[in-house]
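Written below as structure tokens is the structure these notes are about.
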Amino acid sequence: MSKYVIVDLEMCMVPKPIRTHRYPWSAETIQIGAVLVDENLEIIDEFNTYVHPEYGAIDGFIRNLTGISSFDVKDASKVKEALEQFVDWVPEDAICVSWSNSDKKQICHEIEAKHINIPRLNMLLETWQDCQKTFSEKMDRKKQYRLSEALIAADIMFDENLHDGLVDAKNTAMLFIKMKKEPVLILNEYYRKSREDGLKSAMFTLGDICPALSVVFG
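Residues 20 to 237 (the numbering used here) make up the sequence shown, in order.
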């Protein structure tokens with residue numbers, strides 16, 4: 020069984036006038052948070068670092084959302100050094116996991132635009148897993164769930180200090196571990212009943228609209 024590194028990035032916005040051929044993307048990393056889950060599906064270590072943005076800036080919205088200020092990132096490492104530190108921390112046999120593919124895409128954007136070459140990081144990106152997609156599959160839905168909604172549905176008590184990289188990594192890890200342990204995901208009782216009632220309602224409506232179905236399938 021592999022070890023897993025659950026990753027979460029926080030980002031700031033890059034203003035449109037600053038986006039050029041050198042850096043065309045709308046966001047830039049300001050925090051990397053991660054936790055290490057061992058073969059026994061237990062959290063055994065954590066990684067957390069702020070990142071100094073080269074193009075973007077932390078405005079009031081991002082400061083209020085993440086709790087990260089310009090002072091926090093002022094003397095922090097730039098993304099190349101931060102990613103090198105992260106990769107050095109990740110065990111050789113670990114697989115990286117994040118909520119959605121947005122963090123993986125952000126890393127790819129920055130290493131391309133900033134000409135960063137970290138061979139082992141490229142290997143980690145190749146096997147990167149999307150925990151949001153796994154949860155949707157468990158729920159048998161095409162819907163893309165918010166992390167907070169998924170945690171509530173899965174009946175997990177979580178740290179509500181969302182949009183902190185390390186906190187979100189821990190929250191995601193708890194959900195990831197629960198999905199690994201439960202082939203059939205055990206949901207919050209009220210969420211499950213609400214979902215079942217919704218399905219019954221949908222079936223009833225379908226029968227009303229197409230009464231011939233009851234003859235065909237009855």
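Heads up, the beta-carbon is just placed ideally off N, CA and C, and yes, glycines get one too.
### Query
Cβ atoms of V116 and F66: under 9 Å apart, would you say?
no
### Task
From the DSSP output, read off the bridge partner residues of E215.
None; E215 has no bridge partner.
### Message
What does the alpha-carbon distance come out to for the pair C31 and A95?
### Response
Spanning the two alpha carbons is a distance of roughly 14 Å.
### Query
By Cβ distance, which residues of its chain are closer than 6 Å to P110, with the 5 residues on each side in sequence left out?
Excluding sequence neighbours, P110 sits near K22.
### Chain-order list of residues whose beta-carbon lies under 6 Å from that of T146 (same chain, five-residue window excluded)
I114
### Query
In terms of DSSP beta bridges, what is L170 paired with?
Answer is none; L170 lacks a bridge partner.
### Task
Determine contact between the region 68-76 and the region 163-180, defined as no fewer than three beta-carbon pairs at a distance below 8 Å.
no
### Message
Between which residues of its own chain and K157 is the CB-CB distance below 7 Å, once the five residues before and five after are set aside?
### Response
Contacts found: M198 and L204.
### Task
Excluding the 5 residues preceding and the 5 following A101 in the sequence, name in chain order all residues of the same chain whose CB lies nearer than 7 Å to its CB.
I51, T68 and V70
#### Entry: When S88, G184 and E73 are compared against G79, the one with the closest alpha-carbon
S88
### Task
Figure out for me which residue from A76, A172, A192 and E179 has the closest Cα to the Cα of E215.
That would be A172, whose Cα lies nearest to the Cα of E215.
#### Entry: Nonlocal neighbours in the same chain, by C-beta distance under 7 Å from L185, ignoring five residues either side
G52, E65 and N67
### Message
Let's see if you can read the secondary structure: which residues bound the alpha helix (DSSP H) around Q163?
### Response
Where Q163 is concerned, there is no enclosing alpha helix (DSSP H), given that its DSSP letter is neither H nor E.
### Where I63 sits in the DSSP three-state scheme
strand
### Task
Enumerate in chain order the residues of its own chain whose CB-to-CB distance from V98 is below 6 Å, with the five nearest sequence positions on each side excluded.
T48, V70 and E129
#### Entry: Through-space distance from A76 to V33, alpha-carbon basis
Using only the alpha carbons, I get a separation of about 7 Å.
### Task
Write down the C-beta distance between D178 and G86 rounded to the nearest angstrom, noting that I regard them as a contact closer than 8 Å.
With a Cβ gap of about 13 Å, D178 and G86 do not count as contacting.
### Task
Give, in chain order, every unbroken run of the alpha helix (DSSP H) that is at least 4 residues long and sits entirely within the region 87-126.
89-93 and 98-108
### Query
Quick one, are the C-beta atoms of D149 and N120 less than 9 Å apart?
yes
### Query
In terms of DSSP beta bridges, what is A46 paired with?
The partner list for A46 (beta bridge, DSSP) reads M32.
### Proximal residues to Y42 (C-beta, below 8 Å), its chain only, five neighbours per side dropped
V33, E73, Y74, A132 and K133
#### Entry: Candidates H40, M176, A46 and P36, of which the one nearest Q125 by Cα
A46
### Message
According to DSSP, T68 sits in a beta bridge with which residue or residues?
### Response
I51
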